[in-house]
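Student: Sharing a structure here in structure tokens format.
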Amino acid sequence: MARIHARRRGSSGSKKPMVTENPKWVPLTTEEISDLVAKMAGEGMTTARIGLVLRDQHAVPNVKLATGKTITEICLEKGVKFELPEDLSSLMKRAVSLSGHVKINPKDLHNLRGLQLIESRIRRLVKYYKREGVLPESWTYALETAALQVE
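Sequential numbering of the sequence shown, starting at 116, is according to this note's numbering.
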């Protein structure tokens, strides 16, 4: 499988973890883990940040092994809904910060091209999320509104 915006190839997918069951030394039960996930998601943390906090502060190495569900599935089950999908919001953050750089440095053509590629990825992802019903059909991407939505 090739990369989207490059001519090189890369590994085509993630590798399965070596461990297939939850370690015995994990101190929290599945209910406590899911309650923590719902609490942190309600505070506005991203799913990646929730996983890091659970790993570093609560000694839960893998939420899926501990509960049988992903962090996103637990959030949907508890009724916590994110405004935007996490991958789309992180791309929009990158686009907003890079556009600020390009406004300050208009002759930086390499980063201008990078901004175009990021916006291309955003448009492709928006098309996918509209097709899947995650985003409404009336939702559109614009750099000015992305700056307001992401921050």
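Just so you know, even glycine gets a beta-carbon here, dropped at the ideal spot from N, CA and C.
In this structure, does DSSP put Arg124 in helix, strand or coil?
Tutor: Within the sequence shown, the letter at position 9 stands for residue 124. Here Arg124 sits in strand by DSSP.
Student: Which residue wins for smallest C-alpha separation from Leu143, given the options Leu180, His120, Ser129?
Tutor: For the purposes of this step, residue 143 is taken as residue 28 along the sequence shown, with counting starting at 1. Ranking the options by Cα distance to Leu143, first place goes to Leu180.
Student: Could you tell me which of Leu250, Thr255, Ile119, Ser212 sits nearest to Leu227, measuring between CA atoms?
Tutor: As a first step, residue 227 is located in the sequence shown; it is residue number 112 there, counting from the start. It is Ser212.
Student: DSSP state of Gly229, grouped into three classes?
Tutor: The residue you call residue 229 lines up with position 114 of the sequence shown. Helix.
Student: Does the segment 157-168 come within contact of the segment 215-222, defined as at least 3 CB pairs closer than 8 angstroms?
Tutor: no
Student: Please report the distance separating the alpha-carbon of Lys196 from that of Pro176.
Tutor: In the sequence shown, counting from the first residue as 1, residue 196 sits at position 81. In the sequence shown, counting from the first residue as 1, residue 176 sits at position 61. Distance between the alpha carbons of Lys196 and Pro176: 24 angstroms.
Student: Taking its Cβ as the centre, do 16 or more other Cβ atoms sit within 10 Å of Ile219, making it buried, or is it exposed?
Tutor: Along the sequence shown, one-based indexing puts residue 219 at 104. So Ile219 ends up on the exposed side.
Student: Would you decide whether Glu234 is buried or exposed? Buried here means 16 or more other CB atoms lie within 10 Å of its CB.
Tutor: Walking along the sequence shown from the start, residue 234 turns up at place 119. Classification of Glu234: buried, given that the 10 Å Cβ count is 16 or more.
Student: Starting from Arg209, trace the alpha helix (DSSP H) both ways and give me its first and last residue.
Tutor: Locating residue 209 in the sequence shown gives position 94, counting from the first residue. Note, Arg209: alpha helix (DSSP H), 201-219.
Student: What residue from Val178, Ala210, Leu232, Ser204 has the CA that sits closest to Val134's CA?
Tutor: Along the sequence shown, read from residue 1 onward, the residue named residue 134 stands at position 19. Across the set Val178, Ala210, Leu232, Ser204, the C-alpha of Val178 shows the shortest separation from the C-alpha of Val134.
Student: Taking the continuous alpha helix (DSSP H) assigned at Leu250, which residues delimit it?
Tutor: Along the sequence shown, one-based indexing puts residue 250 at 135. Note, Leu250: premise wrong, no alpha helix (DSSP H); not H, not E.
Student: Ser149 by DSSP, collapsed to three states: which one?
Tutor: Position 34 of the sequence shown holds residue 149. The answer is helix: DSSP assigns Ser149 an H, G or I state.
Student: Can you check which of these residues, Ala257, Thr162, Lys193, is closest to Ile237 by C-alpha distance?
Tutor: For the purposes of this step, residue 237 is identified with residue 122 of the sequence shown, where counting begins at 1. Of the candidates Ala257, Thr162, Lys193, the one whose C-alpha sits nearest the C-alpha of Ile237 is Ala257.
Student: Are the beta-carbon atoms of Leu263 and Leu240 separated by less than 8 angstroms?
Tutor: As a working note, residue 263 is residue 148 in the sequence shown. As a working note, residue 240 is residue 125 in the sequence shown. Cβ distance not < 8 angstroms, so Leu263 and Leu240 don't count as in contact.
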